[in-house]
Structures are given as structure tokens and as C-alpha cells.
Amino acid sequence: MKAMNEVELLEVLKSSGEPLVVFLHTPLCGTCKAAERMLEVAAHLLPAELQMVAGNVNMLPNLVQQYRITSVPALLVASAEREDDSKVYYSMVSVERVLEYIRSVIS
112 MKAMNEVELL
122 EVLKSSGEPL
132 VVFLHTPLCG
142 TCKAAERMLE
152 VAAHLLPAEL
162 QMVAGNVNML
172 PNLVQQYRIT
182 SVPALLVASA
192 EREDDSKVYY
202 SMVSVERVLE
212 YIRSVIS
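Structure (C-alpha cells):
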């Protein structure tokens, strides 16, 4: 997963194109590490055109405020059209649930 800074993330979230998943985390979060491993597995089962990136919320104050991020780990998922608001997902219990959620937003 490519790490992005705040300017890059806000720009890619504004522009339509490919579906997008942003993994939001902090460096010292153990749960975030487990969620990242789940996403690595999930990435192999998702469409190739899906763009998956990561961002450290400690460095993303405007994005956190704009999307009302309340905890980490979190997934910010946006469809290709970006017509509706991006969806934030916090409950990363299993790879299966993460896949179901991402597929429901991007399809």
C-alpha cells in the first residue's frame, strides 16, 4: 500500500476515476498492524483497478476533521464516481467482513 500525505489524499478523494480505499492508521497502533495484514490479504481478492493507499492520521488533521474520523484503524472507501460521500468503516473483524464492506461501496 502506498503511503500518501494529506494534500495527496484530499486531491485523490476529490477526483473521480478508480475506486479508492484509504487505510487510516497510527504508527504505534497494534490493532492497525493486524488490520493492515487483513487488507494485504483482501487486496488479492479485490479488483485490480481498486486503488489502495494508506495515511497516518497523526499527519492528516484536515482529513480527520473533514471525514469525522473517530478512531483507528479505519477504512475510508470511495466509489469510482465519488458522487456520494465516502464511507468510513471501523469494524475490521475479519478479512471476509472487510471484503464485503469494500465490495458493497465500490459496486
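Using the numbering used here, the letters of the sequence shown map in sequence onto residues 112 to 218. Note that beta-carbon positions come from the ideal geometry of N, C-alpha and C, so glycine has one too.
- Task: Pair every Cβ in the segment 157 to 169 with every Cβ in the segment 195 to 205, then say whether three or more of these pairs are closer than 8 Å.
- Result: no
- For residue 133, write down the residues that DSSP places opposite it in a beta bridge. 164 and 187
- What does residue 113 pair with, by DSSP beta-bridge criteria? According to DSSP, which records beta bridges pairwise, residue 113 is partnered with 164.
- Cβ separation of residue 155 and residue 147, assumed to be a contact under 8 Å, to the nearest whole Å: That belief does not hold up - the Cβ atoms of residue 155 and residue 147 are roughly 14 Å apart, past 8 Å.
- Expressed to the nearest angstrom, what Euclidean distance is found between the alpha-carbon atoms of residue 120 and residue 130? Looking at the two C-alpha atoms, the distance is approximately 13 Å.
- Task: Given a cut-off of 7 Å, decide if residue 132 and residue 209 are closer than it, judged by their beta-carbon atoms.
- Result: no
- Report the three-state DSSP secondary structure of residue 199 (helix, strand or coil). In this structure, residue 199 counts as strand in the three-state DSSP scheme.
- Query: On the premise that residue 143 lies in contact with residue 175, defined as a C-beta separation below 8 Å, what is that separation, rounded to the nearest angstrom?
  - Reply: Contact doesn't hold; Cβ gap of about 15 Å is too wide.
- Task: Would you decide whether residue 185 is buried or exposed? Buried here means 16 or more other CB atoms lie within 10 Å of its CB.
- Result: By the neighbour-count rule (16 or more Cβ atoms within 10 Å), residue 185 is buried.
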